[in-house]
Amino acid sequence: MKAAEKYLGFKHNTVHQEETKSIINYLKKTYPKYEERATQGNGESFFWDLTTLNAWIFVYQGISKDKHAKQFLSTDFIDVKRGTRMENSKDNKVITIKEYDKMMYPDILKSSATFGECL
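Residue 58 in the working numbering sits at position 62 of the sequence shown, with consecutive numbering throughout.
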């Protein structure tokens, strides 16, 4: 089996705002076709469907509190193989990660150009 066939994805979490801005700006510049989703005031949420890379990229932000009740913004960058289902199930009754994302963030604020091919 080829290495690419074993690939499922990865998750990167950061609380460093400069790193977050840099990664988001890089993704927007490199892959200009994306969706921005409404988060009801909890940072930003983005989605890229990269068909030529066979990947989905999700970016979620959330507001958390430290042990002193001080708020901070945490960002998750999730890169998964297109079509991956929740818990990596092979069962077609189990929703995909993309379907789950649409349930969690149903309101699209921005959809850039013709969506589907980002390269």
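Where is the CB? At the ideal position from N, CA and C, for every residue including glycine.
As the structure is a computational prediction, the values presented were derived from the model and not from experiment.
- For I59, the three-state secondary structure derived from DSSP is strand.
- Distances from the alpha-carbon of D72 to those of Q36, D45, S60, K29 put S60 closest.
- Taking C-beta atoms under 8 Å as the contact rule, I91 and R78 fail to qualify, at a distance of about 14 Å.
- The beta carbon of I19 sits closer than 7 Å to the beta carbons of F73 from its chain, once the five residues preceding and following it are set aside; these are given in chain order.
- Boundaries of the alpha helix (DSSP H) around E95: 93 to 100.
- Counting only runs of at least 4 residues, the region 11 to 53 fully encloses the following alpha helix (DSSP H) elements, listed from N- to C-terminal order: 13 to 26.
- Between Y101 and T35, the beta carbon gap of about 7 Å places them in contact (Cβ cut-off 8 Å).
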